[in-house]
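Student:
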Amino acid sequence: GAVVSQHPSRVICKSGTSVKIECRSLDFQATTMFWYRQFPKQSLMLMATSNEGSKATYEQGVEKDKFLINHASLTLSTLTVTSAHPEDSSFYICSARDRANQPQHFGDGTRLSIL
Amino acid sequence: SQQGEEDPQALSIQEGENATMNCSYKTSINNLQWYRQNSGRGLVHLILIRSNEREKHSGRLRVTLDTSKKSSSLLITASRAADTASYFCATDVLDMRFGAGTRLTVKP
Numbered sequence: 683g684a685v686v687s688q689h690p691s692r693v694i695c696k697s698g699t700s701v702k703i704e705c706r707s708l709d710f711q712a713t714t715m716f717w718y719r720q721f722p723k724q725s726l727m728l729m730a731t732s733n734e735g736s737k738a739t740y741e742q743g744v745e746k747d748k749f750l751i752n753h754a755s756l757t758l759s760t761l762t763v764t765s766a767h768p769e770d771s772s773f774y775i776c777s778a779r780d781r782a783n784q785p786q787h788f789g790d791g792t793r794l795s796i797l
Numbered sequence: 005s006q007q008g009e010e011d012p013q014a015l016s017i018q019e020g021e022n023a024t025m026n027c028s029y030k031t032s033i034n035n036l037q038w039y040r041q042n043s044g045r046g047l048v049h050l051i052l053i054r055s056n057e058r059e060k061h062s063g064r065l066r067v068t069l070d071t072s073k074k075s076s077s078l079l080i081t082a083s084r085a086a087d088t089a090s091y092f093c094a095t096d097v098l099d100m101r102f103g104a105g106t107r108l109t110v111k112p
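Taken in order, these protein sequences are the chains called A and B.
So in my numbering, spot 96 of the first sequence is number 778, and the numbers just go up one at a time.
So in my numbering, spot 47 of the second sequence is number 51, and the numbers just go up one at a time.
1) Does any C-beta atom of chain A lie closer than 7 Å to the C-beta of B:F102?
2) For B:R40, would you say it is in contact with chain A, using Cβ-to-Cβ distances shorter than 7 Å as the test?
3) Cβ of B:H61 less than 7 Å from any chain A Cβ?
4) Are the C-beta of B:R45 and some C-beta of chain A separated by less than 7 Å?
5) Check B:E9 in the structure and name its three-state DSSP category.
6) Determine which residues of the segment 774-788 of chain A have a Cβ less than 9 Å from any Cβ of chain B, and write them out in chain order.
7) Check whether the segment 720-727 of chain A touches the segment 14-34 of chain B, counting contact only when three or more Cβ pairs, one atom from each stretch, lie closer than 8 Å.
8) Chain A partners of B:D96, CB-CB under 9 Å?
9) Got a sec: is the Cβ-Cβ distance from A:L761 to anything in chain B below 7 Å?
10) Compare the beta carbon distance of A:F773 and A:G791 with 7 Å and say whether it is the shorter of the two.
11) Taking the beta strand (DSSP E) that B:N35 falls in, what are its first and last residues?
12) From A:S765 to B:S76, what distance separates their C-alpha atoms?
13) B:A89 lies in the beta strand (DSSP E); which residues open and close that run?
14) Who are the near neighbours of B:L52 in its chain, counting only those whose CB is closer than 7 Å to its CB and skipping five residues on each side?
15) Please classify A:D709: does DSSP put it in a helix, a strand, or coil?
16) Go ahead and pull the three-state DSSP assignment for B:D70.
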């Protein structure tokens, strides 16, 4: 089946650090990628949707200058958490699909801990 | 929002029993999808049912869709401890949003 690779799986860093998370589709072209954030025992919160070669569409309340998304190719999207603070600590998950009305394929998530 | 809302929020059963969880949504859809999430992992796609389908099977999974009631159900038969996870439904229409999910616990 389709595989999405997300790296790193875990990051622990100091407050003020910028952290980049990569999401790669390994065996299909990801026209659209999604970035989610999940707090413990809660559902996934959609942060932004990105289409290859276009600017990401951010959900209301998500700071685009804080969470920089780049989807420069059909197989790679990155999320950069800039100047991360403890409140940014969370589980970040990416997903990708090749076209509309098709299932999403998820990465295994990145657990970000800001000290 | 096109998110689905799952019910119940939590379900605890014994191994071997069947587990049924439901999903309701608000607007017209092209398809509805069920996903599973094991703790600390990403979501795994289980099954997609299209709006012109009423029932679909995949192994021990049975999904029904009632577009008149805007609802779907996921039945897991002969449950196993490994089925312990959170289950989410999501609809299509441009983006994918998820409800709170159903946390299923299967006791050995």
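Yeah, the Cβ is synthetic: ideal placement off N, Cα and C, and Gly gets one too.
Tutor: Based on what the coordinates show:
1) Residue 102 of chain B sits at position 98 when you count from the first residue of the second sequence. Yes, B:F102 counts as interfacial toward chain A.
2) Counted from its first residue, the second sequence places residue 40 of chain B at position 36. Answer no: the Cβ-Cβ gap between B:R40 and chain A never drops below 7 Å.
3) Position 57 of the second sequence, counted from the first residue, corresponds to residue 61 of chain B. Not an interface residue.
4) The count along the second sequence starts at 1 and reaches residue 45 of chain B at position 41. Answer yes: the Cβ-Cβ gap between B:R45 and chain A drops below 7 Å somewhere.
5) Here the question's residue 9 of chain B lines up with position 5 in the second sequence. Reduced to three states, the DSSP call for B:E9 is strand.
6) I775, C776, S777, R779, A782, N783, Q784, P785, Q786, H787 and F788
7) no
8) Here residue 96 of chain B refers to the residue found at position 92 when the second sequence is read from its first residue. A782, N783 and Q784, listed in chain order.
9) Within the first sequence, residue 761 of chain A is the residue found at index 79, counting from 1. False, the Cβ-Cβ gap to chain B never drops below 7 Å.
10) Looking up residue 773 of chain A in the first sequence gives position 91. Looking up residue 791 of chain A in the first sequence gives position 109. Their beta carbons are under 7 Å apart, which means A:F773 touches A:G791 by this criterion.
11) Translated into positions along the second sequence, residue 35 of chain B becomes position 31. Run containing B:N35: N35 to Q41, per the beta strand (DSSP E) assignment.
12) Here the question's residue 765 of chain A lines up with position 83 in the first sequence. Here the question's residue 76 of chain B lines up with position 72 in the second sequence. Cα-Cα distance, rounded: 42 Å.
13) Along the second sequence, one-based indexing puts residue 89 of chain B at 85. Looking at the DSSP string, the run of the beta strand (DSSP E) that includes B:A89 is A89 to T95.
14) Reading the second sequence from its first residue, position 48 is the one you call residue 52 of chain B. Answer for B:L52: N35 and Q37, listed in chain order.
15) Reading the first sequence from its first residue, position 27 is the one you call residue 709 of chain A. A:D709 falls in the coil class under three-state DSSP.
16) To locate residue 70 of chain B, count along the second sequence from 1; it is residue 66. B:D70 falls in the strand class under three-state DSSP.
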